[in-house]
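In this note's numbering, the protein residues as written are 14 to 439.
Each residue gets a CB set at the ideal place from its N, CA and C atoms; glycine is no exception.
Following this line, the structure appears as structure tokens:
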């Protein structure tokens with residue numbers, strides 16, 4: 014083993030030991046136990062085992078080095094500058110939004126007067142014209158599972174794609190970083206507030222961040238208020254939004270918690286976050302580093318680093334989600350407490366929509382019926398036989414094999430676009 018490799022390996026092991034002391038103690042105890050066992054072997058056997066171990070260590074080091082080089086090369090690919098983003102083509106966004114809402118439907122409600130008809134028959138935000146200075150402030154569902162449906166619903170309702178503030182670790186994952194940047198995502202860090210707001214982009218933010226998304230995980234300190242927002246976290250962005258004459262809209266969502274049960278267990282995520290760069294500085298990127306001052310975050314904003322576990326859940330039902338959007342009263346848009354109250358009111362309105370839907374929010378039966386309409390051959394096979402009275406209401410049971418056949422013909426069906434359209438509008 015070369016001196017350079019030995020030095021690099023020792024440094025990496027030391028960093029790991031300092032970061033995860035409990036695991037380091039376990040590894041050290043295992044090493045001592047192994048040494049005790051090796052001492053009982055003959056010198057020839059020990060020499061062969063040490064040679065094998067040295068080869069494995071060299072191989073592992075080479076593998077890590079290759080992966081590291083590939084990682085840095087991919088991360089060095091040109092990204093999307095924070096203040097030079099343009100919305101992707103409508104054709105792409107509408108197709109993507111309809112696919113999302115087909116598999117994860119969300120029913121939207123908007124306060125009277127917020128939407129108006131556009132020239133092409135679609136809807137848009139009333140009174141905005143070419144002005145895109147809109148700040149959507151939303152609550153967070155468990156694990157932020159509602160985020161895709163929410164963004165798709167806002168886009169189809171307003172024909173505007175907001176730039177979503179996203180946890181910084183997403184921007185340390187190769188290729189995924191480039192995809193979400195293309196779709197408008199911005200690192201959720203105060204250093205990005207000013208360029209995004211100054212450029213006049215529409216914005217979607219979940220002030221609860223990781224704390225609110227992982228609130229059901231034990232050991233995370235529990236909720237700090239009804240929305241699990243860290244006090245003062247939103248104030249800098251609200252001040253900038255008021256300075257640049259942004260319109261503030263409160264967004265309330267519900268439905269995710271009804272689809273999942275209690276967490277099965279809580280998963281330790283600090284090793285994953287450490288691998289993604291949290292706690293050891295930014296991942297190397299070309300040019301100016303957007304995370305260069307991450308270590309200088311004030312205490313109230315660095316609290317997210319204390320979130321070390323996430324709840325692992327299993328879906329227990331398939332239901333529609335709900336979102337309600339309401340305006341924040343003029344004159345109070347810069348007040349974090351008033352904005353929080355408006356978001357809470359929007360959440361209650363979304364829950365009212367959910368209760369009013371009753372059993373209609375359960376979607377599996379409706380999904381199978383839509384698949385029947387999309388794939389006529391299977392639908393005919395499952396319908397009453399010719400000559401049988403349709404008024405009897407009898408219907409052949411749809412088995413799992415029928416569902417597989419319907420899904421298998423998805424890309425051959427000429428009616429799939431109609432299916433997606435009807436699903437996104439329902």
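Just the Cα atoms here: how many angstroms apart are residue i and residue j?
i: residue 47; j: residue 38; result: 14 Å
i: residue 374; j: residue 326; result: 20 Å
i: residue 184; j: residue 163; result: 21 Å
i: residue 177; j: residue 114; result: 18 Å
i: residue 137; j: residue 367; result: 24 Å
i: residue 54; j: residue 181; result: 50 Å
i: residue 249; j: residue 203; result: 8 Å
i: residue 92; j: residue 194; result: 7 Å
i: residue 246; j: residue 148; result: 15 Å
i: residue 191; j: residue 94; result: 11 Å
i: residue 201; j: residue 59; result: 53 Å
i: residue 286; j: residue 179; result: 15 Å
i: residue 478; j: residue 41; result: Residue numbering for the chain in the displayed model covers 14 to 439; residue 478 lies beyond these limits and cannot be assessed.
i: residue 333; j: residue 109; result: 18 Å
i: residue 353; j: residue 132; result: 34 Å
Please classify residue i: is it buried, with 16 or more other beta-carbons within 10 angstroms of its beta-carbon, or exposed?
i: residue 140; result: exposed
i: residue 63; result: exposed
i: residue 61; result: exposed
i: residue 267; result: buried
i: residue 206; result: buried
i: residue 284; result: exposed
i: residue 152; result: buried
i: residue 198; result: buried
i: residue 50; result: exposed
i: residue 154; result: buried
i: residue 371; result: exposed
i: residue 157; result: buried
i: residue 65; result: exposed
i: residue 106; result: buried
i: residue 159; result: buried
Once DSSP output is grouped into helix, strand and coil, what is the label at residue i?
i: residue 177; result: strand
i: residue 285; result: helix
i: residue 333; result: coil
i: residue 199; result: strand
i: residue 130; result: strand
i: residue 136; result: strand
i: residue 233; result: Summary for residue 233: the model assigns pLDDT 40, below 50, so the residue's position carries little reliability; its value from the coordinates is reported in the next sentence. Residue 233 falls in the coil class under three-state DSSP.
i: residue 242; result: coil
i: residue 261; result: strand
i: residue 121; result: strand
Between the options, which has its C-alpha nearest residue i's C-alpha?
i: residue 241; options: 269, 222, 251; result: 222
i: residue 186; options: 135, 147, 87, 247; result: 87
i: residue 161; options: 52, 328, 329, 269; result: 269
i: residue 252; options: 159, 334, 349, 280; result: 349
i: residue 260; options: 146, 79, 104; result: 146
i: residue 279; options: 36, 208, 322, 83; result: 322
i: residue 440; options: 104, 188, 35; result: Here the chain has residues from 14 to 439 only, and residue 440 is not among them.
In chain order, what residues of the same chain lie with their CB nearer than 8 Å to the CB of residue i, ignoring the 5 residues before and after it?
i: residue 342; result: 351, 355
i: residue 127; result: 138, 139, 262, 338, 339, 340
i: residue 75; result: none
Which same chain residues, not among the five before or five after residue i, have their C-beta less than 6 Å away from its C-beta?
i: residue 294; result: Residue placement at residue 294 cannot be trusted, given a pLDDT of 39 that sits under 50; what the coordinates show is reported in the next sentence. Excluding sequence neighbours, residue 294 sits near nothing in its chain.
i: residue 226; result: 153, 156, 157
i: residue 121; result: 166, 170, 336
i: residue 135; result: 172
i: residue 117; result: 162
i: residue 216; result: 148, 175, 176
i: residue 330; result: 272
In its own chain, which residues sit with a C-beta less than 7 Å from the C-beta of residue i, not counting the 5 before and 5 after it?
i: residue 364; result: 267
i: residue 359; result: 263, 264, 265, 337, 338, 339
i: residue 101; result: 195, 196
i: residue 212; result: 96
So, is the C-beta of residue i closer than 9 Å to a C-beta in chain C?
i: residue 225; result: Although the question refers to chain C, the structure presented lacks it and comprises just one protein chain.
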